Structure formats: C-alpha cells, structure tokens
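Q:
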Amino acid sequence: MSHRKFHAPRHGHMGFLAHKRSKRHRGKVRCWPRDDPKLPVHLTAFLGYKAGMTHTLREVLRSGMKVSKREEVEAVTIIETPPVIVVGMVGYINTVKGLRSFKTVFAEHISDECKRRFYKNWHKCKKKAFSKYSKKWQDETGKKQLEKDFTMMKKYCSVIRVIVHSQMHLLPLRQKKAHVMEVQLNGGTVAEKVDWARERLEKPVPVSSVFCKDEMIDVIGVTKGHGMKGVTSRWHTKKLPRKTHKGLRKVACIGAWHPARVGYTIARAGQKGYHHRTELNKKIYQIGKGIHVQEGNVVRNNASTNYDTTQKTISPMGGFPHYGEVNNDFVMVKGCVVGTKKRVLTLRKSLLIQVSRKAREAIELKFIDTTSKFGHGRFQTAQEKFAFMGPLKKHLLKKASDAPEQPHFFWILWATCSAKYCYRRKSQKTLPTRALSQAGQPPPALRPPVHWMTAAARAGGGT
Numbered sequence: 006m007s008h009r010k011f012h013a014p015r016h017g018h019m020g021f022l023a024h025k026r027s028k029r030h031r032g033k034v035r036c037w038p039r040d041d042p043k044l045p046v047h048l049t050a051f052l053g054y055k056a057g058m059t060h061t062l063r064e065v066l067r068s069g070m071k072v073s074k075r076e077e078v079e080a081v082t083i084i085e086t087p088p089v090i091v092v093g094m095v096g097y098i099n100t101v102k103g104l105r106s107f108k109t110v111f112a113e114h115i116s117d118e119c120k121r122r123f124y125k126n127w128h129k130c131k132k133k134a135f136s137k138y139s140k141k142w143q144d145e146t147g148k149k150q151l152e153k154d155f156t157m158m159k160k161y162c163s164v165i166r167v168i169v170h171s172q173m174h175l176l177p178l179r180q181k182k183a184h185v186m187e188v189q190l191n192g193g194t195v196a197e198k199v200d201w202a203r204e205r206l207e208k209p210v211p212v213s214s215v216f217c218k219d220e221m222i223d224v225i226g227v228t229k230g231h232g233m234k235g236v237t238s239r240w241h242t243k244k245l246p247r248k249t250h251k252g253l254r255k256v257a258c259i260g261a262w263h264p265a266r267v268g269y270t271i272a273r274a275g276q277k278g279y280h281h282r283t284e285l286n287k288k289i290y291q292i293g294k295g296i297h298v299q300e301g302n303v304v305r306n307n308a309s310t311n312y313d314t315t316q317k318t319i320s321p322m323g324g325f326p327h328y329g330e331v332n333n334d335f336v337m338v339k340g341c342v343v344g345t346k347k348r349v350l351t352l353r354k355s356l357l358i359q360v361s362r363k364a365r366e367a368i369e370l371k372f373i374d375t376t377s378k379f380g381h382g383r384f385q386t387a388q389e390k391f392a393f394m395g396p397l398k399k400h401l402l403k404k405a406s407d408a409p410e411q412p413h414f415f416w417i418l419w420a421t422c423s424a425k426y427c428y429r430r431k432s433q434k435t436l437p438t439r440a441l442s443q444a445g446q447p448p449p450a451l452r453p454p455v456h457w458m459t460a461a462a463r464a465g466g467g468t
C-alpha cells in the first residue's frame, strides 16, 4: 500500500503466531474444566474421529425471536466415537512449580494396538512392552506394591487422571496404532476417583457416559495442512497492480531501513495449515448409538427421528467420502470442525458455565439427510432408489450370477459353426440333415463364415 497515505488494518491475526506445523497429530488438552466435588465422578474428555458432514432440519425453539418456531436447515459434522479402553491411572500432587506426577499404575492386560504406540517399528521390535510390569498383578509382592500405590494416591494426590486409548480395529482406517491420552477425572473426592478408575481398568467407556445431548463442548485438533504457501494465500494480503515488477502476489514494503531486519509481524510466505487449534462452544445435536443387536435383531436406524421414521443409518449412501461407514457410536455437532476426514479429535467438556438461551436450547431434529455425498444426492436409502428406478444393470448381473450356469453364447455359436463346417467337407463323413436336427444341431442351410485369412489365401492363389 505504498501508493496510499491512509492506514488500513493489518492482514492476519497475530494471536496465533507462529504459523508452523504442529508438533503433535492429536489435539492436546492444555486446560481442564474446574473440578466440582459435588458432582459424581466423570471423564472430562473423549477421543473421536471426523467422518464427514451432512445437514439436518429442525425447528427453532427460542421465544421472542423472529426465527422462533420456524424450520432451519443446518450443517452438522459426524464424529465417530467408539468406546475408549482404560489402561492406567496417574496421580498428581501440587508443588510450588505446579503439578507433578506422583504415582502411575497400569492394567494387567494391554492390547497390541495400545502397545504399538510405545514402539517406532512394531514389526522389528521384540514386543516385550509391559511383560515385566504385568507380573505385578500375579505375585504377592507385586500386589502389595500396587495396594500401597493406590493408598498413597488417595492420601497425597490432588488430581487423578486415567490413561485411555482408542480402539482402531473398530474404525474403517488402515492405522493399527491406537491413540493414547490422559483424561482428567472430575467430581467426587480423590478416594472416589481412584476407586472409579480402578474398577474400570481394562474396560470400555462409552461416549454417552461422558457427554449428553444439547451440551456445549470444545473440539481440539490439528487443521488441514496446505504445505508451503505464498503471502497472498497465507495471510490474504492485497494483490499488487497488474504491471508490478517481479510479481504481484507479494508484499510491497516489508519494513523500514532501520531496524535492519524483517519484523515478525510482517506477512511472509511459509507454512499454511496443520496448526493446533481449539474451537469453543460446539453444540451437540445428537449422540447416536452404533449398529447393535437388540433382542436378536440388528438395529441400524440411528438416523431416524420422530418426524422421519425411515429405517436408515447415519452413513450416507455410498459412505462418507474418504472415510467409509460409521458403525460405532457417534457425536453430531453443529457446524464444521478442524481437520480432514479421518483426523483424530479431542472432545472436551466446556470450561465455561453456559447461560445463554442459545446454549440451553433443546434440540429436536426433524430430518437427517443421508443422501450420497459424492455428487448431488437424490435418494435417502437404497430401497428408495430401487423403488423409483427399478432394477438396474448391476441387479440383473447379480441375478444372472446367482442363477445356475448356462452354456455361454460364444460356445453355442462355435458349436453351430463347427457342425456346419464339418457337414460341408466332402472328405469327412457327416450325418444327414434329418439326423443333425434330431441331435439338436441346426441343418446346414447357410455356409459357415469365411475367416479373413482363408479369404486372403484364396485371393493369393493359396489353398
């Protein structure tokens, strides 16, 4: 803006510096909700995986507003949240420098997908992680030491956190290494927290026991990476005029002569995306149950509502692009969240006390869209598409493949032509026409087709 004498606001927020790649792939919880001993013991965070987006239809119920009792179509994000497994617990004590870990206890049995996180190369390692530690739960000396650790945690610790890991074998992902994290326990006394964690060692904890419908949560994750980008794409600065020398997607002035250096506030090219971010106040529209068996029947209708009773799953037709089918428990939040599909996200309870009408509004969904997200979807279920379009080519091919085998048309034609050709040859004894027809072969009414090589040989004088 060297040609202008008035000031314009700077481009880009300086509160998120430095714009560099995140050190970790999973979102880290840097602040936990305040503990309230009056509440029962509960987890304060959970692990989920971004599946994709869809849209819903609902009626707004906020009295005194123009949009009240009107229908709204809103975008939502589906986050698959299979149950997490508790494999350990950590006790912290307060010091003058902050919290310090006091005791750590692991479970007796730990799955391989959790052990993979402790190795860089699972294929070449000896797979001996926790082999010595698990013997503590078997001999008398080890049991006494574990009981002593639990007692000391109840006596001295002020914060109790459990170690949980995700179940990768339940997800449609290629990754086998589980994500492991510490989750703080809130509510109750320290002794109740230790007992709660001890009872749930090696057991799954569902997402429905952590969050509830209509709750406001925070989503922590790493954004989608875009690699090396120029200053116009990275900071959204103004493009220079067309005739600018040596490019126009640049910053014209990068600072004064002195100080003789480029300041950190100047927009420059560099890394864009793959940044660690925390989004506050995401409202939960639904906590759905995965595909399960109830009274001997498989229940799949986790996308049905009181207004739309169609039997359908939350997965759209053809699955979520770049993800697949959602078969486990899921959380539906309003709007978009950070990261790409398949990105692991940390869902945390809100740090704030929600008092606004928007946060306390009860959500009742009328319709959840399950059309194909690969293009312009039209049908909600496969049955609806079949009823409208009728049997397609793939259905006919499947029906033909399920039917008993029939002789191929090529072999029938070959047998017919061979019979005609053999009948024409004088040097070979053949059956008369009547005998051929009785044997199921057509009479030699037509001459067999002449091969192009035979025709060329005749034209050249060959035999």
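Using this note's numbering, the first residue of the sequence shown is number 6, and each one after it goes up by one. Positions of the beta carbon are idealized from the N, C-alpha and C atoms, including for glycine. The model shown is predicted, which means the values in this text are computed figures rather than measured ones.
(1) Please classify residue 145: does DSSP put it in a helix, a strand, or coil?
(2) To the nearest angstrom, report how far apart residue 202 and residue 185 are at their CA atoms.
(3) Within 10 Å of its beta-carbon, does residue 334 have 16 or more other beta-carbons around it, so buried, or fewer, so exposed?
(4) Less than 7 Å between the C-beta atoms of residue 344 and residue 28, yes or no?
(5) Within 10 angstroms of its Cβ, does residue 549 collect 16 or more other Cβ (buried), or is it exposed?
(6) Mind the definition here: the segment 367-381 touches the segment 100-110 only if three or more C-beta pairs lie below 8 Å; say whether that holds.
(7) From the DSSP output, which residues share a beta bridge with residue 209?
(8) What first and last residue would you give for the alpha helix (DSSP H) that runs through residue 391?
(9) Select from 306, 240, 100 the residue whose C-alpha is nearest the C-alpha of residue 14.
(10) Would you say residue 162 and residue 110 are within 7 Å of each other, going by their C-beta atoms?
(11) Using the Cβ count rule (16 or more neighbours within 10 Å means buried), how would you classify residue 189?
(12) Is there a Cβ of chain C sitting closer than 7 Å to that of residue 180, yes or no?
(13) Measure how close the beta-carbons of residue 279 and residue 230 come, nearest whole angstrom, since I'm counting them as under 8 Å.
(14) Assuming residue 290 and residue 34 form a contact by the criterion Cβ under 8 Å, report the distance between their Cβ atoms to the nearest whole angstrom.
(15) Would you mind sorting residue 50 into buried or exposed? The rule is 16 or more other CB atoms within 10 Å of its CB.
(16) If you compare alpha carbons, which of 59, 183, 117, 37 is closest to residue 52?
(17) Are there 16 or more other CB atoms within 10 angstroms of the CB of residue 439, so buried, or fewer, so exposed?
(18) Along the chain, where does the alpha helix (DSSP H) containing residue 236 start, and where does it finish?
(19) Whole angstroms is fine: what's the gap from residue 305's alpha carbon to residue 152's?
(20) Using DSSP with H/G/I as helix, E/B as strand and the rest coil, what is residue 233?
A: Reading off the structure:
(1) Residue 145: helix per DSSP, three-state reduction.
(2) For residue 202 and residue 185, the distance between alpha carbons rounds to 16 Å.
(3) Per the 10 Å Cβ criterion, buried.
(4) Contact: no.
(5) Nothing can be reported for residue 549, as the shown portion of the chain is limited to 6 through 468.
(6) No, they do not touch.
(7) According to DSSP, residue 209 bridges with 90.
(8) Element bounds for residue 391: 387-394.
(9) Across the set 306, 240, 100, the C-alpha of 240 shows the shortest separation from the C-alpha of residue 14.
(10) No, the Cβ-Cβ distance between residue 162 and residue 110 is not below 7 Å.
(11) By the 16-neighbour rule on beta-carbons within 10 angstroms, residue 189 is buried.
(12) Among the chains of the structure shown, chain C does not appear; only one protein chain is present.
(13) Going by Cβ atoms, the distance from residue 279 to residue 230 rounds to 3 Å, so yes, they are a contact pair.
(14) Actually they are not in contact, since the Cβ atoms of residue 290 and residue 34 sit about 23 Å apart, beyond 8 Å.
(15) Burial of residue 50 is indicated by the presence of at least 16 other C-beta atoms within 10 angstroms of its C-beta.
(16) With distances taken between Cα atoms, residue 52 lies closest to 183.
(17) Reliability of the predicted coordinates at residue 439 is poor, the pLDDT of 49 falling under 50, and the value obtained from them is presented with this limitation in mind. Its Cβ having fewer than 16 others within 10 Å, residue 439 is exposed.
(18) Element bounds for residue 236: 236-240.
(19) Each residue's Cα considered, the two are about 44 Å apart.
(20) In this structure, DSSP gives residue 233 an extended state, which the three-state scheme calls strand.
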